[in-house]
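One line per chain: the protein sequences are A and P, in this order.
In terms of numbering that gives the first Met the number 0, the first sequence opens at residue 0 and continues consecutively.
In terms of numbering that gives the first Met the number 0, the second sequence opens at residue 0 and continues consecutively.
Number of protein chains: 2
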Amino acid sequence: MPKNNSHKVPMPTLERLATYLTALVDLAERGTATISSSEIERLTGINAAQFRKDLSYFGEFGRPGIGYDVEELRESLAKILKVEHTQPVLLIGAGNLGSALVGFPGLRAQNFHIVAVFDNNYNKIGRRLWDLEICDVEDISSINKDIQSRIGIIAVPSNAGQDAANKLVAAGIEAILNFAPTILKVPDDVVVRNVDFVQELAILAFHLSEDKTAS
Amino acid sequence: MPKNNSHKVPMPTLERLATYLTALVDLAERGTATISSSEIERLTGINAAQFRKDLSYFGEFGRPGIGYDVEELRESLAKILKVEHTQPVLLIGAGNLGSALVGFPGLRAQNFHIVAVFDNNYNKIGRRLWDLEICDVEDISSINKDIQSRIGIIAVPSNAGQDAANKLVAAGIEAILNFAPTILKVPDDVVVRNVDFVQELAILAFHLSEDKTAS
DNA sequence: TTGTACTTGTGAATTTGCTCACAATCCTGG
DNA sequence: CCAGGATTGTGAGCAAATTCACAAGTACAA
Chain A
0 MPKNNSHKVP MPTLERLATY LTALVDLAER GTATISSSEI ERLTGINAAQ
50 FRKDLSYFGE FGRPGIGYDV EELRESLAKI LKVEHTQPVL LIGAGNLGSA
100 LVGFPGLRAQ NFHIVAVFDN NYNKIGRRLW DLEICDVEDI SSINKDIQSR
150 IGIIAVPSNA GQDAANKLVA AGIEAILNFA PTILKVPDDV VVRNVDFVQE
200 LAILAFHLSE DKTAS
Chain P
0 MPKNNSHKVP MPTLERLATY LTALVDLAER GTATISSSEI ERLTGINAAQ
50 FRKDLSYFGE FGRPGIGYDV EELRESLAKI LKVEHTQPVL LIGAGNLGSA
100 LVGFPGLRAQ NFHIVAVFDN NYNKIGRRLW DLEICDVEDI SSINKDIQSR
150 IGIIAVPSNA GQDAANKLVA AGIEAILNFA PTILKVPDDV VVRNVDFVQE
200 LAILAFHLSE DKTAS
């Protein structure tokens, strides 16, 4: 019987789970059938015991003395992370980043389908972004009544970020991937993850500095 | 005297530092002159004591009874994270994502300048991406002899990720921002940060699932 | 069947990170 | 100049996450 997984999985575990899945997809493509936790450590840099403990939050997936069946584990992780079924996703922001996201093959390959694009710029509304028509951001609630999407992506300039979030929340969205460099205020039951390119670069720049500050 | 900051700053602290900086830039734009740690908590959701302790790794920036001077703290954080001076950055991958990155105004505003773009597709080499000429990825080492860039961005399909990383390392790059969904193998003295859209969406999808598994 | 070489799953120990709580400091008004 | 109200910086205690270490399981060869 699978364990009760809906309660208290550490966030770091969750993030690593996604990493394992990436590695497993790779392995499956190369035709590897079986893998051990120590092999996972070699591939991902994540400690083998960590890997085993992470999995233990959700059940038992390996066989002592043997290891893990790559295909089986890949499917299990996909199920845990809910990337086994197609998820419809809304996108606000039809700029360069929005365009890159819609055209990004990895999303569709992993079952995330951007099904509607919104913008507040009247020069863009009505035009097409790849195979999608850009809609007025004001119509997002009514349009999502049909689509019933639960995930939204914000790819707008920072000053429009909070506004976009409000509209997504009003439209019934429960999870937001935010590319705007703004701290969003949303209700407690809405999950937000921020991706900030500049922050990432700043962290990298900090590490560079260590070399120089050494006397 | 500033503390020895080059030794053992927790990674979570570093990531939050970048968040504080974002908030401070915002505050500065709105003309706020002074701010307290509890106000930072209200803005960012990060515990006030956490904020103060994070700062304490690098020195003392506030005044008891008063708080922090917004402009002063902003500058201090910028200095700590080394975003005060312009950093030249190399980009590999002239696809949709690469294009979005070069056109992203936030990077330049925060002193990260993408100064060269590389690709391995001969249909793209020689053409222009915004104001930059796309160069052959094979020339990266020789070109970086002039530029002396220390940071590189990988924005290529996953199967080309490791190859791009190798070329960056060979060109003397010390820090890599990787958008390819691949686990890169690099020498110990090279820092890598991964940004994986699909992973982020998967983590969000997991959180959705909690609602449904509740009986 | 037994022994050997592996590998998992997990309680316990360790390490790391977070929060509390308070002395020390500072400004303002009287 | 002093009292009152506010806020910092940080040691100590607490919580969370990571790693260790080992019992239990498995395959295979002899």
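Ideal Cβ positions, reconstructed from N, Cα and C, are used throughout, including at glycine.
Discussion item. Going by DSSP in three states, Glu-83 (chain A) sits in which element: helix, strand or coil?
Written reply: coil
Worksheet item: Candidates P:Leu-203, P:Ala-204, P:Arg-192: which alpha carbon is nearest Leu-207 (chain A)'s?
Response: P:Arg-192
Worksheet item: At a Cβ threshold of 8 Å, is Pro-11 (chain P) touching chain A?
Response: no
Discussion item. Looking at Gly-105 (chain A): is its Cβ nearer than 8 Å to the Cβ of Phe-103 (chain P)?
Written reply: no
Item to complete: In angstroms with no decimal places, state the Cα-to-Cα distance between Pro-1 (chain A) and Gly-58 (chain A).
Response: Here Pro-1 (chain A) scores only 41 on pLDDT, less than 50, and its place in the model should not be relied on; the value that follows carries that caveat. For Pro-1 (chain A) and Gly-58 (chain A), the distance between alpha carbons rounds to 5 Å.
Item to complete: Using a cut-off of 7 Å between C-beta atoms, extract the partners of Gln-86 (chain P) located in chain A.
Response: Ala-204
Worksheet entry | Under 8 Å between C-beta atoms of Ala-17 (chain A) and Ala-164 (chain P) | no
Worksheet item: Counting contacts by CB-CB distance shorter than 8 Å, is Arg-29 (chain P) in contact with chain A?
Response: no
Worksheet item: What residues of chain P sit near Phe-196 (chain A), judged by a beta carbon separation below 8 Å?
Response: Leu-100, Phe-103, Gly-105, Leu-106, Leu-176, Val-194
Worksheet item: Relative to the alpha-carbon of Thr-43 (chain A), which residue among P:Glu-199, P:Ile-182, P:Leu-203, P:Ala-204 has its alpha-carbon at the smallest distance?
Response: P:Ile-182
Worksheet item: Which residues in the same chain have their Cβ closer than 8 Å to the Cβ of Val-24 (chain A), if we skip the five residues on either side of it in sequence?
Response: Arg-73
Worksheet item: Are the region 84-94 of chain P and the region 150-157 of chain P in contact at 8 Å, needing three or more beta carbon pairs?
Response: yes
Practice prompt. State the beta-bridge partners of Leu-131 (chain A) as determined by DSSP.
Written response: A:Leu-128
Worksheet item: Going by the CB atoms, is the gap between Leu-80 (chain A) and Leu-179 (chain P) shorter than 8 Å?
Response: One point to set straight first is that residue 179 (chain P) is Ala, not Leu, in the sequence displayed. No. Outside cutoff.
Worksheet entry | Neighbour-count burial assignment, Ile-65 (chain A), 16 or more Cβ in a 10 Å radius | exposed
Practice prompt. Using only alpha-carbon positions, find the residue among P:Asp-130, P:Ala-99, P:Val-69, P:Tyr-19 that is nearest to Ala-27 (chain P).
Written response: P:Val-69
Discussion item. If I measure Cβ to Cβ from Thr-33 (chain P) and keep anything under 8 Å in the same chain, skipping five residues before and after, which residues do I get?
Written reply: Ile-65, Gly-66, Tyr-67, Asp-68, Val-69
Discussion item. Out of A:Gln-109, A:Phe-111, A:Gly-92, A:Ser-140, which one is the CA nearest neighbour of Lys-123 (chain A)?
Written reply: A:Gly-92
Worksheet item: Is it right to say Ala-22 (chain A) is buried, meaning 16 or more other beta carbons lie within 10 angstroms of its own, or is it exposed?
Response: buried
Worksheet entry | Buried or exposed by the 16-neighbour rule on C-beta atoms within 10 Å, applied to Asp-130 (chain P) | exposed
Worksheet item: Per DSSP, Ile-34 (chain A) is paired with what?
Response: A:Tyr-67
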